[in-house]
Every structure is written in structure tokens, then in C-alpha cells.
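One structure below.
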Amino acid sequence: MLVLGIESSCDETGVALVDAGGAGVPRLLSHALYSQIAMHQAYGGVVPELASRDHIRRVLPLTQEVMKDAARSLADVDVIAYTRGPGLAGALLVGAGVACSLAAALGKPAMGVHHLEGHLLSPFLSADPPEFPFVALLVSGGHTQLMRVDQVGSYALLGETIDDAAGEAFDKSAKLMGLPYPGGPHLATLALGGDSAAFKLPRPLLHSGNLDFSFAGLKTAVLTQAKKLGPELDSRKADLAASTQAAIVDVLVKKTLAAMAQTTLRRLVVAGGVGANALLRSQLNAACQQRGIRVHYPELAFCTDNGAMIALAAGMRLQAGLVNLQGLQSGYTFEVKPRWNLSELQPIPVATP
Ligand code: KG4
Ligand code: ZN
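Heads up, the sequence shown is in the numbering used here, so the first residue is 91 and it goes up one at a time.
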């Protein structure tokens, strides 16, 4: 069974084709990605209307590229999946509209996928996929969540940010230091040459006793520090970047370890753009190795937004029998969900003996 996946929730247009036939993890046949980052950089952040218009320009050429690379034709595709939410409304509508139009033209079902489910399952695209159950740390530009994942479609929220996401904390702090958008990777590179103990920055909610996060105060502390430094900021930027990164990573690692202890699970999945951060990876790896916990990451190319994770999530839902394909084929009406909690997805009913 061939599943085409289309991602257009923010500033990346991604298209991919997976083969979800058989019992194993769906196999990635080809994928293509266009990042709009260069276009948005001039504005210091994503401009939603420009994002929507660019998705319109990219999505069909990328689809053609994917079909060509996989040496398949659209007529071979069995299901067309798209990101239904969460994300920017206009950007989501492009992917949803194109997916449903293609599906109607081909007489095939179209299927909406939760963007975070895509991130969460993205490590299944790697050579060493995880096994269920596991704890997932989802750290993207818009979300910071700890979830308990028992099987495909069964996601229980353990804790989440009460204000800014970890990626936002990286991006906003980087902006204060004059770094280009998206600031996370730039801040991480700058931090390599800095002293992480140079500035004492807050670790909000570290001892809150629950698994929630808060990063809004950190940004204010970075701003205060930058103002205090004044003209000296330029020569101390690497130190401030290293201290900021250390504060964000410290909170993420400690809360994740608390989630592992609370659930007593021995497997951890880290997904979303911030999951590409080298310091986060090295600290999590060291802490988990000490505790006998296995950590799984998506391949670096699938940490940030991409179409492969959307095709994969759709394929895994189909394999798990969570989707009624006949139901999907009638009408091709669609709606997008710019705000959508992952825990709202229907859990799989547990069979009782
Ligand atoms: O998952 P993603 O591509 O998009 C969303 O769904 O939000 O994540 C993007 C976020 C941005 O905030 C970006 O700065 C951050 O991931 N990011 C990083 C790194 N690479 C991407 N943050 C820290 N270190 C990195 N190496
Ligand atoms: Zn994302």
C-alpha cells in the first residue's frame, strides 16, 4: 500500500512516499523538502501569508519529484495523507486542499494527520526504530511536551509548557543576540565557543514537582542580561548563548528524567526540531546510559518538519487498523485544525479478556 504524505504546517513544504504494505514499519521510498527559511529570514520570523503562497508554488513540483525518484506514478498511490494541524491555518489549507484535490482526481482516499504524531513517530524512519511503549519528549518551535506512548494512536500527555516552547526560547533569545531566524541552530553554534557558567540564568519550574515547563521568564532574563552588558554584549555573546542553551537543556533533561522515573519506562524518544541540539543529545545520552534507558532520535534530516513523518504516521495508523478508508473517500470535504491537542486523538480501546 503506497501512502503519499504532504506537510505544509509552517515554513517547510515536504512530500514523501512510503510503502505501508506488510507488517513491518512503513518503508520510505522517496522524499523531497523545500525550506522557506531564507525567504522569512528578512522578516526575522515566519510571515504566514508568504508561507501559504510559497507552499502553493512548491507542493506540486515536489510531488512530481518524489514520484519520479520512486519510479512510481500517482495512479499507484493508495492513500494521500496531509498535515491537518496544528500549524498556520493558511499554510495547512494549501496542503489539505492539494491532497484532497489529488485524491478526488485519482479516486483515492485522503487522510488528515496530526503534525505532532508525525514528529513523535519519526524515529521509526531510522535504521534502529524504537519499540512501544516509550516516553516521548517533543521539542519543536511551537510545542514542548512529554508524552507516554503505548502504541500508535495512544498518547497520554504527562506535561507540557505553560507558555513558550523550548524552540521559541532558543529562537527568541537568539533574536535578542542579533542572530538570524530560526535562531536555535545559530545559537547552538555560537555557544560552542562560550562558557555556559558565565551567566546565571533561571531554570523555571525545575522543582515544581510536576512535568510542566515554562520558558517565557528565561527570555526576559536573557534580555535583562543583554541590556546590562550594553556595548559589551558583542564580546560576551558566545558566553550568553552558552548560558542560555545550558539553562534550556538543563530543564529539558531533568524533566525528561523525572518522566522516565514516574512512568518506570526504559525507552525514550526525542523528536522535533530542538531534538537536533547536540548538547541536549549528549546530556540525555549520558544520563540515560547511567540509568539503563535507551534513547531514540529521528535521523537529523527528519528532526525538523518533513513529509516523510506525515506519510509514515498515516501508514502506521493504517497498519494499526485505526482508519476507515471507505469513510475517508466520501465527499473529500476537509477542515484544518490550527490548534489541536495530540491527546485528543482517539486512544485504541484496550481489549479485555
Ligand atoms: O519541529 P520544527 O522543525 O518545527 C515545528 O514544528 O515547530 O522545529 C523548529 C525549531 C526551531 O525553534 C529551531 O530553532 C529549533 O527547532 N532547532 C534547534 C536546533 N535545530 C532546530 N534548536 C536548538 N538547537 C538546534 N540544533
Ligand atoms: Zn514540526
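All C-beta atoms in this analysis are idealised placements derived from N, C-alpha and C, irrespective of residue type, glycine included.
Beta-carbon spacing of residue i, residue j below 7 Å
i      : j      : result
Thr173 : Val105 : no
Leu323 : Val225 : no
Ala348 : Gly284 : no
Ala171 : Gly95  : yes
Val229 : Val136 : no
Pro176 : Pro428 : yes
Asp166 : Met91  : no
Ala404 : Val93  : yes
Rounded C-alpha distance that separates residue i from residue j
i      : j      : result
Ser433 : Pro321 : 47 Å
Met201 : Ser286 : 45 Å
Pro439 : Ala410 : Reliability fails at Pro439, whose pLDDT of 46 lies under 50, so the model's placement of it is uncertain and no value is given.
Gln131 : Gly112 : 43 Å
Arg143 : Leu119 : 28 Å
Val188 : Pro219 : 31 Å
Asn300 : Leu210 : 22 Å
Ala441 : Ala361 : Low local confidence applies: a pLDDT of 41 at Ala441 is under 50, so the model's placement there is unreliable, with the coordinate-based value given in what follows. Answer to the nearest angstrom: the Cα atoms are 29 Å apart.
Thr353 : Thr423 : 40 Å
His204 : Met406 : 13 Å
Asp302 : Asp253 : 10 Å
Leu291 : Met350 : 26 Å
Gln241 : Ala160 : 29 Å
Own chain partners of residue i with C-beta closer than 6 Å, once the 5 adjacent residues on each side are dropped
i      : result
His121 : Ala106, Gly397, Ala398
Pro294 : Ser304, Gly307
Arg326 : Leu319
Asn367 : Ala278
Trp430 : Gly175, Pro176
Min CB distance residue i to chain D below 7 Å
i      : result
Leu140 : Judged by its chain identifiers, the structure shown contains no chain D, having just a single protein chain.
Same chain, Cβ closer than 7 Å to residue i, five either side skipped, listed in chain order
i      : result
Leu296 : Val341, Lys344
Gly134 : Lys265, Tyr271
Leu418 : Pro199, Ala200, Met201
Gln315 : Phe289, Leu330
Per DSSP, cross-strand counterpart(s) of residue i
i      : result
Phe305 : Paired residue(s): none; Phe305 is not in a bridge.
Asp109 : Leu92, Arg117
Gly104 : Glu97, Leu123
Arg357 : Arg384
Beta-carbon contacts of residue i that lie in its chain and below 8 Å, excluding the five residues immediately before and after
i      : result
Thr279 : none
Ala141 : Cys100, Asp101, Gln126, His130, Leu178, Gly180, Ala181
Within the segment 121-181, note down every full alpha helix (DSSP H) run reaching 4 residues or more, in order along the chain. 127-131, 138-159
Pick out the complete beta strand (DSSP E) segments inside the segment 382-408, 3 residues or longer, and give them in chain order. 384-386
Length at least 3, wholly inside the segment 238-310: the beta strand (DSSP E) runs in chain order: 244-250
If we require 3 or more residues per run, which beta strand (DSSP E) segments fall completely within the segment 183-243? 200-204, 224-229, 234-241
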